[in-house]
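Report on one structure; see the data block that follows.
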Amino acid sequence: MNLFSFTLSTGKEGFYDITSMVNDAIQTTHTSRGICVIYTPHTTAAITINENADPDVQSDLIYALNKTYPDRPEFKHMEGNSAAHLKSSTIGCSETVIIDKGELLLGTWQGIYFCEFDGPRTRKFYVKIIKD
Amino acid sequence: MNLFSFTLSTGKEGFYDITSMVNDAIQTTHTSRGICVIYTPHTTAAITINENADPDVQSDLIYALNKTYPDRPEFKHMEGNSAAHLKSSTIGCSETVIIDKGELLLGTWQGIYFCEFDGPRTRKFYVKIIKD
Amino acid sequence: MNLFSFTLSTGKEGFYDITSMVNDAIQTTHTSRGICVIYTPHTTAAITINENADPDVQSDLIYALNKTYPDRPEFKHMEGNSAAHLKSSTIGCSETVIIDKGELLLGTWQGIYFCEFDGPRTRKFYVKIIKD
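Protein chains in written order, with our numbering: chain H, 1 to 132; chain W, 1001 to 1132; chain R, 2001 to 2132.
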């Protein structure tokens, strides 16, 4: 099938490193070359790729996103989470990564992150593999 | 060919739900599994995926994008639409969606939107299908 | 292999037009139809698609990104480049473009840009082609 579904329990907000889960999917399918789409079906979450070494990068990103996209008194959406919807569209609900020699072709400092903007919730993401 | 072109008439700014048009392309090609790229060839528009239920989400997003990316007196581009160019690069000119069981694998609350940041105009977007 | 690696020398910050390099990769592989992923393995850089005509658009984008995502005294990451990491996640480290009739299916005014947010550095990006 080349399609995998993963579940995640999140806190109020945060970046969750899902790189090893994506790698597992690639190993399972014995894919040596192709691309891979990591996709979340939620509208107040996102997928991004960023530094995997210093956890301060993730907390700085969350801090700055909250400053850049604050809750605004003019928002009309009754659920009160419009800022989370905006972060989702800004960061984006998917990433596409190249697969080469049986592995994700990530940079040395790159990790794949699930971004929670309106938790805590049980969340899902998909990994779809397209082989060469 | 697995490539489709759609035309849209837009207002000054707004989010336009194009989910059913993308679904039609998938039905036409009888694709059961794969991925699908939705792409707009314009530089002051974008494609995003966000909530399809409450229209207040879309108006909140437009409101907040205008606050976050205002027109600035320092902008030099003579056409006067640099803020629209910035929104286009921030939201992005394409989305990639997984196809499974003959349908887009969207979340319950997800719709695919064409975002107009500098209308009114006649706009185009493409749907390209890659089958498994 | 359908996978190409390119190197780029960047300044402090800037948008670099890489469209012709991506087109060269497509010519080399004699791809008539498919998609193409342009991906950078760095966490303080990005790939975007925007106007290729007036260079003022690129300088306006850089100006506005610096205003929107300033360096903040609250940032904890010791390298001092958290703003560049945020710009990377906002613009995104890849773009997916459709290939048709042997060429990138770009809009008239669209060019593909490598975005440097924390140079000067020697940078890399990959082009991966998926044929129909």
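Just so it is clear, CB atoms sit at the ideal spot from N, CA and C, and this is done for glycine as well. Everything numeric in this text was worked out from a predicted model, so none of it was measured.
Worksheet item: By how many angstroms is the C-alpha of residue 33(H) removed from the C-alpha of residue 1091(W)?
Response: On the second sequence, residue 1091(W) is found 91 positions in, with the first residue counted as 1. On the first sequence, residue 33(H) is found 33 positions in, with the first residue counted as 1. About 29 Å.
Fill in: chain H contact residues for residue 1063(W), given Cβ-Cβ distances below 7 Å
To locate residue 1063(W), count along the second sequence from 1; it is residue 63. Going along chain H in sequence order, the residues near residue 1063(W) (Cβ under 7 Å) are 74.
Worksheet item: Which whole-angstrom value describes the C-beta separation of residue 2039(R) and residue 2093(R), a residue pair presumed to lie in contact below a C-beta threshold of 8 Å?
Response: The residue given as residue 2039(R) occupies position 39 in the third sequence. The residue given as residue 2093(R) occupies position 93 in the third sequence. With 8 Å as the limit, residue 2039(R) and residue 2093(R) qualify as a contact, their Cβ atoms being about 6 Å apart.
Worksheet item: Taking Cβ positions, are residue 2020(R) and residue 60(H) nearer each other than 8 Å?
Response: Position 20 of the third sequence, counting from 1, holds the residue named residue 2020(R). Position 60 of the first sequence, counting from 1, holds the residue named residue 60(H). Contact flag unset, no.
Practice prompt. May I ask which residues mark the beginning and end of the beta strand (DSSP E) holding residue 2100(R)?
Written response: As a position in the third sequence, residue 2100(R) is number 100, starting the count at 1. Start and end: 2094–2100.
Worksheet entry | Among 108(H), 78(H), 3(H), the one whose alpha carbon lies nearest that of residue 49(H) | Here residue 49(H) refers to the residue found at position 49 of the first sequence. The shortest Cα separation from residue 49(H) among 108(H), 78(H), 3(H) belongs to 108(H).
Worksheet item: Would residue 2105(R) count as contacting chain W if we go by Cβ distances under 8 Å?
Response: Here residue 2105(R) refers to the residue found at position 105 of the third sequence. Chain W, which has a Cβ nearer than 8 Å to the Cβ of residue 2105(R), makes this yes.
Practice prompt. Note down, in chain order, all residues in the segment 2017–2043 of chain R with a beta-carbon under 7 Å from any beta-carbon belonging to chain H.
Written response: 2037, 2039, 2041, 2042, 2043
Discussion item. Under 8 Å, with one C-beta from each stretch per pair, do the segment 1057–1075 of chain W and the segment 2060–2074 of chain R reach the 3-pair mark?
Written reply: yes
Worksheet item: How about residue 1098(W): is its C-beta nearer than 8 Å to some C-beta of chain H?
Response: Stepping through the second sequence from its first residue, residue 1098(W) is reached at position 98. So, interface residue.
Practice prompt. Excluding the 5 residues preceding and the 5 following residue 2085(R) in the sequence, name in chain order all residues of the same chain whose CB lies nearer than 7 Å to its CB.
Written response: On the third sequence, position 85 is the one that residue 2085(R) refers to. 2043, 2044, listed in sequence order.
Practice prompt. Check whether the Cβ of residue 145(H) lies closer than 8 Å to any Cβ atom in chain W.
Written response: In the structure displayed, chain H extends from 1 to 132; residue 145(H) sits before or after that span and is not available.
Worksheet entry | Rounded separation between residue 2026(R) and residue 2001(R) - CA only | Mapped onto the third sequence, residue 2026(R) falls at position 26. Mapped onto the third sequence, residue 2001(R) falls at position 1. Going from the Cα of residue 2026(R) to the Cα of residue 2001(R) covers about 12 Å.
Worksheet item: residue 2090(R) versus chain H: which residues are under 8 Å apart at the beta carbon?
Response: Numbered from 1 along the third sequence, position 90 holds the residue referred to as residue 2090(R). 90, 91, listed in chain order.
Discussion item. With H, G and I counted as helix, E and B as strand and the rest as coil, what does DSSP make of residue 2131(R)?
Written reply: Start at 1 with the first residue of the third sequence, and residue 2131(R) comes out as number 131. Three-state DSSP puts residue 2131(R) in a strand.
Discussion item. Let's test the definition: count the other Cβ atoms within 10 Å of the Cβ of residue 2007(R) and tell me whether it reaches 16, buried, or not, exposed.
Written reply: Here residue 2007(R) corresponds to residue number 7 of the third sequence, with the count starting at 1. With fewer than 16 Cβ atoms within 10 Å of its Cβ, residue 2007(R) is classed as exposed.
Worksheet item: The beta strand (DSSP E) spanning residue 61(H) covers which residue range?
Response: Mapped onto the first sequence, residue 61(H) falls at position 61. First-last for residue 61(H): 55–68, but that is the alpha helix (DSSP H), not the beta strand (DSSP E).
Worksheet item: Cα-Cα, which of 1113(W), 1028(W), 1054(W) is closest to residue 1088(W)?
Response: Taking the second sequence and counting its residues from 1, the one referred to as residue 1088(W) is at position 88. When only C-alpha atoms are compared, the closest one is 1113(W).
Worksheet item: Using the beta-carbon count (16 or more within 10 Å), is residue 2024(R) buried or exposed?
Response: Position 24 of the third sequence holds residue 2024(R). Residue 2024(R) should be labelled exposed.
Item to complete: Quick one: which residues of the segment 44–63 of chain H get their C-beta closer than 9 Å to a C-beta of chain W? List them in chain order.
Response: 44
Practice prompt. Note down, in chain order, every chain H residue with its Cβ under 9 Å from the Cβ of residue 1071(W).
Written response: The count along the second sequence starts at 1 and reaches residue 1071(W) at position 71. Using a Cβ-Cβ cut-off of 9 Å, residue 1071(W) is close to nothing in chain H; its nearest Cβ partner there is about 17 Å away.
Discussion item. Between which two residues does the beta strand (DSSP E) holding residue 2049(R) run?
Written reply: In the third sequence, residue 2049(R) corresponds to position 49, counting from 1. Start and end: 2045–2051.
Worksheet item: With which residues is residue 103(H) paired in a DSSP beta bridge?
Response: Within the first sequence, numbered from 1, the residue matching residue 103(H) stands at position 103. DSSP output for residue 103(H) lists 100(H) as bridge partner(s).
Practice prompt. Report yes if the CB atom of residue 2005(R) is closer than 8 Å to the CB atom of residue 2126(R), and no otherwise.
Written response: Walking along the third sequence from the start, residue 2005(R) turns up at place 5. Walking along the third sequence from the start, residue 2126(R) turns up at place 126. Yes.
Fill in: residue 2018(R) (DSSP reduced to helix, strand or coil)
For the purposes of this step, residue 2018(R) is identified with residue 18 of the third sequence, where counting begins at 1. It is coil, neither helix nor strand.
Worksheet item: Which residues bound the beta strand (DSSP E) around residue 1009(W)?
Response: On the second sequence, residue 1009(W) is found 9 positions in, with the first residue counted as 1. From DSSP, the beta strand (DSSP E) with residue 1009(W) extends over 1003–1009.
Discussion item. Please state whether the Cβ-Cβ distance between residue 2035(R) and residue 1130(W) is less than 8 Å.
Written reply: By 1-based counting over the third sequence, the position of residue 2035(R) is 35. By 1-based counting over the second sequence, the position of residue 1130(W) is 130. Contact flag set, yes.
Item to complete: Give the residues of chain W in contact with residue 86(H), contact being defined as C-beta atoms less than 7 Å apart.
Response: Walking along the first sequence from the start, residue 86(H) turns up at place 86. Neighbours of residue 86(H) in chain W, taken as residues at a C-beta separation under 7 Å, are given in chain order as 1061, 1064.
Worksheet item: Got a sec: which bits of the segment 1100–1131 of chain W sit with their beta carbon under 7 Å from any beta carbon on chain R, in order along the chain?
Response: 1126, 1128, 1130
Worksheet entry | Buried/exposed call for residue 51(H), threshold 16 Cβ in 10 Å | As a position in the first sequence, residue 51(H) is number 51, starting the count at 1. So residue 51(H) counts as buried.
Practice prompt. Report the option in 2103(R), 2098(R), 2080(R) whose CA atom is closest to the CA atom of residue 2118(R).
Written response: The sequence position of residue 2118(R) within the third sequence is 118, counting from 1. Residue 2080(R) is the option with its Cα nearest to residue 2118(R).
Discussion item. Just to confirm, is the Cβ distance from residue 1111(W) to residue 1031(W) under 8 Å?
Written reply: Translated into positions along the second sequence, residue 1111(W) becomes position 111. Translated into positions along the second sequence, residue 1031(W) becomes position 31. It is not a contact, given that the beta carbons lie outside the stated cut-off.
Discussion item. Within 8 Å of any Cβ in chain R, is that where the Cβ of residue 68(H) sits?
Written reply: The sequence position of residue 68(H) within the first sequence is 68, counting from 1. Yes, its Cβ sits closer than 8 Å to a Cβ of chain R.
Fill in: chain H within 8 Å of residue 2082(R), Cβ atoms only
Indexing the third sequence from 1 puts residue 2082(R) at position 82. Yes - at least one Cβ of chain H is within 8 Å of the one on residue 2082(R).
Worksheet item: Quick one: Cα of residue 1116(W) to Cα of residue 1012(W), how far?
Response: Along the second sequence, one-based indexing puts residue 1116(W) at 116. Along the second sequence, one-based indexing puts residue 1012(W) at 12. If you take the alpha carbons of residue 1116(W) and residue 1012(W), they lie about 7 Å apart.
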